[in-house]
Amino acid sequence: MEIPKNSALLVIDLQDGDYSDGMDDGIPIMEGATTYQNAPKIIKFFRDNDIPVIQIKEAHRADMVDFGRELDGTEKVHCLEGTKAVDYNPKTKPEGKDYLITKRRYSAFIGTDLDILLQCLHVDTVFLIGGLTDVCVHFTAVDAHQYNYHFYVVTDAVTGSTRKAHDFALLNMKYLQRESNITTEDILTAKV
Numbered sequence: 000m001e002i003p004k005n006s007a008l009l010v011i012d013l014q015d016g017d018y019s020d021g022m023d024d025g026i027p028i029m030e031g032a033t034t035y036q037n038a039p040k041i042i043k044f045f046r047d048n049d050i051p052v053i054q055i056k057e058a059h060r061a062d063m064v065d066f067g068r069e070l071d072g073t074e075k076v077h078c079l080e081g082t083k084a085v086d087y088n089p090k091t092k093p094e095g096k097d098y099l100i101t102k103r104r105y106s107a108f109i110g111t112d113l114d115i116l117l118q119c120l121h122v123d124t125v126f127l128i129g130g131l132t133d134v135c136v137h138f139t140a141v142d143a144h145q146y147n148y149h150f151y152v153v154t155d156a157v158t159g160s161t162r163k164a165h166d167f168a169l170l171n172m173k174y175l176q177r178e179s180n181i182t183t184e185d186i187l188t189a190k191v
């Protein structure tokens, strides 16, 4: 694999309250997830090769005014500003020249300046890691596709709400862009 020249890494919702030991909001997290083993290696690869790393986190106002329809499904109240759940996970936290984006919705494109940032960086290809595969990663990939970005999702560096949901989301993303599903090994052995 070759990393396209105008690429960026999107690190989605790797926060202190999520995905490492299960979530505090009642959503089960798939067993066997390797996100926190692989994400630090991928982030290091992008930093070492001077490719932009964009750290995205979900945060909701303490009065919960910005949840919208998000609580209509399985999720309970989560990622409230002022709680540990909105802190970046120590294993993957931002460093140096990483760009920071805070989002209020599942997609990192909705209500943020992500598209403007990517345009200013002349990015046309994004790599996605983080969670949840079937929620925030999936909806960010869909919007990246609709904004005409090429995207790759690192299948062993994303965590789903369940293994089945994870697998179906990866199939859906592959439906949108047939070469989109790659692995950590693909990244670490890629030409830049």
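Each residue of the sequence shown is one higher than the one before, starting from 0 at the first, in numbering that gives the first Met the number 0.
Just so you know, even glycine gets a beta-carbon here, dropped at the ideal spot from N, CA and C.
All values reported here derive from a predicted model rather than from experimental measurement.
Exercise for review: Would you tell me roughly how many angstroms separate the C-alpha atoms of residue 103 and residue 68, rounded to the nearest one?
Suggested key: Within the sequence shown, residue 103 is the residue found at index 104, counting from 1. Within the sequence shown, residue 68 is the residue found at index 69, counting from 1. Cα to Cα, the separation comes out at about 11 Å.
Exercise for review: With a floor of 4 residues, list each alpha helix (DSSP H) that falls wholly inside the stretch 95–147, ordered by position along the chain.
Suggested key: 113–119, 137–145
Exercise for review: Taking residue 30 as the reference, give the member of 184, 189, 164 with the closest Cα.
Suggested key: The residue you call residue 30 lines up with position 31 of the sequence shown. Closest by alpha carbon: 164.
Practice item. Specify, as a first and last residue, the run of the alpha helix (DSSP H) that residue 36 falls within. Key: Translated into positions along the sequence shown, residue 36 becomes position 37. Where residue 36 is concerned, the enclosing alpha helix (DSSP H) stretches over 34–47.
Review point. Taking just the CA atoms, how far does residue 90 sit from residue 21?
Key: Position 22 of the sequence shown, counting from 1, holds the residue named residue 21. Position 91 of the sequence shown, counting from 1, holds the residue named residue 90. Bear in mind that the predicted position of residue 21 carries a pLDDT of just 40, short of 50, making it unreliable; the figure below should be weighed with that in mind. For residue 21 and residue 90, the distance between alpha carbons rounds to 16 Å.
Check your understanding: Of all the options 60, 121, 66, which has the alpha carbon lying nearest to the alpha carbon of residue 50?
Key -> Residue numbering aside, residue 50 sits at position 51 when the sequence shown is read from its first letter. The shortest Cα separation from residue 50 among 60, 121, 66 belongs to 121.
Check your understanding: Between residue 7 and the rest of its own chain, which residues show a CB-CB distance below 7 Å, the 5 nearest in sequence each way excluded?
Key -> The sequence position of residue 7 within the sequence shown is 8, counting from 1. The answer, listed in chain order, is 50, 51, 53, 117, 120, 122, 125.
**Study point:** residue 79 (DSSP reduced to helix, strand or coil)
**Key:** Here residue 79 is taken as the residue at index 80 of the sequence shown, counted from 1. Reduced to three states, the DSSP call for residue 79 is strand.
Check your understanding: What's the C-alpha gap between residue 171 and residue 41?
Key -> Your numbering for residue 171 matches position 172 in the sequence shown. Your numbering for residue 41 matches position 42 in the sequence shown. Cα to Cα, residue 171 sits roughly 23 Å from residue 41.
Check your understanding: What are the boundary residues of the beta strand (DSSP E) that residue 8 is part of?
Key -> Within the sequence shown, the letter at position 9 stands for residue 8. Per DSSP, residue 8 belongs to the beta strand (DSSP E) from 6–11.
Review point. With a CB to CB cut of under 6 Å and the five nearest residues on each side skipped, what residues in its chain are close to residue 105?
Key: One-based indexing of the sequence shown puts residue 105 at position 106. So the qualifying residues of the chain are 134, 135, 138.
Check your understanding: residue 173 lies in the alpha helix (DSSP H); which residues open and close that run?
Key -> The sequence position of residue 173 within the sequence shown is 174, counting from 1. Per DSSP, residue 173 belongs to the alpha helix (DSSP H) from 162–175.
Point to revise | Opposing strand residues paired with residue 181 [DSSP bridges] | key: Position 182 of the sequence shown, counted from the first residue, corresponds to residue 181. DSSP lists 153 as partners of residue 181.
Check your understanding: If residue 132 and residue 157 are in contact, beta carbons under 8 Å, what's the gap, nearest whole angstrom?
Key -> The count along the sequence shown starts at 1 and reaches residue 132 at position 133. The count along the sequence shown starts at 1 and reaches residue 157 at position 158. Correct: roughly 4 Å between the Cβ atoms.
Review point. Whose C-alpha, out of 59, 34, 79, 182, is nearest the C-alpha of residue 193?
Key: Residue 193 falls outside the range modelled here, since the chain spans only 0 to 191, and no answer is possible.
Check your understanding: By Cβ distance, which residues of its chain are closer than 7 Å to residue 55, with the 5 residues on each side in sequence left out?
Key -> Reading the sequence shown from its first residue, position 56 is the one you call residue 55. Here the set comprises 9, 10, 11, 12, 100, 102, 107.
Practice item. Could you check the C-alpha separation between residue 80 and residue 61 for me, to the nearest Å? Key: If you number the sequence shown from 1, residue 80 lands on position 81. If you number the sequence shown from 1, residue 61 lands on position 62. About 6 Å.
Review point. Between residue 149 and residue 73, what straight-line distance do the alpha-carbon atoms span, to the nearest angstrom?
Key: By 1-based counting over the sequence shown, the position of residue 149 is 150. By 1-based counting over the sequence shown, the position of residue 73 is 74. So the alpha carbons of these two residues sit roughly 30 Å apart.
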